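To convert, take the position in the sequence shown, counting from 1, and add 221; that gives my numbering.
Glycine is no exception: its CB is placed at the ideal position from the N, C-alpha and C atoms.
Model, not experiment: these values are computed from the prediction.
Everything below concerns the one structure shown next.
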Amino acid sequence: MIDLHYWPTPNGKKVTILLEELGTPYNIVDCNIGKGDQFTDAFLKIGPNNRMPVLVDHEPMGGGEPISIFESGAIMMYLAEKAGRFYPQDPRGKYAVTQWVMWQMANQGPKMGENGHFRRLGPEHGEQAYARRRFDDEANRLYGVLNTRLHQSRYLAGDEYSIADMIAYPWSANWEGQGQDVEEFKHFKRWHEELAARPGVQRGMAVAPRVTPEDPATLSPEEQERRRKMIYNQRARPVPA
Numbered sequence: 222m223i224d225l226h227y228w229p230t231p232n233g234k235k236v237t238i239l240l241e242e243l244g245t246p247y248n249i250v251d252c253n254i255g256k257g258d259q260f261t262d263a264f265l266k267i268g269p270n271n272r273m274p275v276l277v278d279h280e281p282m283g284g285g286e287p288i289s290i291f292e293s294g295a296i297m298m299y300l301a302e303k304a305g306r307f308y309p310q311d312p313r314g315k316y317a318v319t320q321w322v323m324w325q326m327a328n329q330g331p332k333m334g335e336n337g338h339f340r341r342l343g344p345e346h347g348e349q350a351y352a353r354r355r356f357d358d359e360a361n362r363l364y365g366v367l368n369t370r371l372h373q374s375r376y377l378a379g380d381e382y383s384i385a386d387m388i389a390y391p392w393s394a395n396w397e398g399q400g401q402d403v404e405e406f407k408h409f410k411r412w413h414e415e416l417a418a419r420p421g422v423q424r425g426m427a428v429a430p431r432v433t434p435e436d437p438a439t440l441s442p443e444e445q446e447r448r449r450k451m452i453y454n455q456r457a458r459p460v461p462a
């Protein structure tokens, strides 16, 4: 059995899309990032960056003891390689996919995340015009990268659907929330609509945690402030004694 430490964010949904496309049985282990589950000592043992998702495979590729893998891109490469699907292993095919997986991890995810962060900030955090313009422009540039690539080929890595498409889809599904006009990117729009119609993508995007998330409005102001301090503006953790 595979355990997936998960919360329904774009980074979590990348992996559930792949698991659903593969038809691989898996068990969701809630990692409520709003409560700070990612900062517990137990989680740190399998997720040293204090971020979900983390995969634990109890029947790992190659046999032996269970293996834990953090970072969504590494998780997806492992699962696809183990299953022999969606990640070709010949050098040309493999690196055609890998470069777009790396692009997503290094560019699309971080920059879209920052764009969303600054767009959500209220006036109590000060004037944010430069940051909003900076990341809105970068989001627009990245949609343009996708659009140009998808003008050249049906999928990101070429003619075959792969983990490159699955990893990029969740972060590109909310273009309105990122301040973009999808009509500006017709080749991206075609790709997005095709992926959105896939049953595996639909199931992966719909995966919910086992416990219903709290409504933030029900939390006391003190608890909301405690969580903000824990989650934002983090600094280095001391090395355990």
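Exercise. Among Y247, T261, G305, which residue has its Cα nearest to the Cα of H279?
Worked result: Translated into the one-based positions of the sequence shown, residue 279 becomes position 58. The candidate whose alpha carbon is nearest that of H279 is Y247.
Exercise. Apart from the five residues just before and just after V277, which ones in its own chain have a Cβ nearer than 6 Å to its Cβ?
Worked result: By one-based count along the sequence shown, residue 277 stands at place 56. Result list for V277: D224, P287, S289, in chain order.
Exercise. Counting along the chain, where does the alpha helix (DSSP H) carrying S393 start and finish?
Worked result: Start at 1 with the first residue of the sequence shown, and residue 393 comes out as number 172. Segment 384-393, the alpha helix (DSSP H) holding S393.
Exercise. If you follow the alpha helix (DSSP H) that D262 is part of, which residue opens it and which one closes it?
Worked result: On the sequence shown, residue 262 is found 41 positions in, with the first residue counted as 1. Unbroken alpha helix (DSSP H) run through D262: 262-267.
Exercise. Anyone know if the C-beta pair for T209 and G425 falls short of 8 Å?
Worked result: Here the chain has residues from 222 to 462 only, and residue 209 is not among them.
Exercise. Start and end of the alpha helix (DSSP H) containing V318?
Worked result: For the purposes of this step, residue 318 is identified with residue 97 of the sequence shown, where counting begins at 1. From DSSP, the alpha helix (DSSP H) with V318 extends over 312-324.
Exercise. Over what stretch of residues does the alpha helix (DSSP H) that includes F291 continue unbroken?
Worked result: In the sequence shown, the residue the question calls residue 291 occupies position 70. Where F291 is concerned, there is no enclosing alpha helix (DSSP H), although the beta strand (DSSP E) it sits in stretches over 288-291.
Exercise. Under the rule that 16 or more other beta-carbon atoms within 10 Å means buried, what is G284, buried or exposed?
Worked result: Counting from 1 along the sequence shown, the entry for residue 284 is found at position 63. With fewer than 16 Cβ atoms within 10 Å of its Cβ, G284 is classed as exposed.
Exercise. Considering only C-alpha positions, which residue in the set L416, N361, D357 is nearest to Y473?
Worked result: Look at the range of the chain in this structure, 222 to 462, and you will see that residue 473 is not part of it.
For this session: Run the CB neighbour count on D386, radius 10 Å, all protein chains shown included, and call it buried at 16 or more, exposed below.
Result: Taking the first residue of the sequence shown as 1, we reach residue 386 at position 165. Buried, since its Cβ has 16 or more Cβ neighbours within 10 Å.
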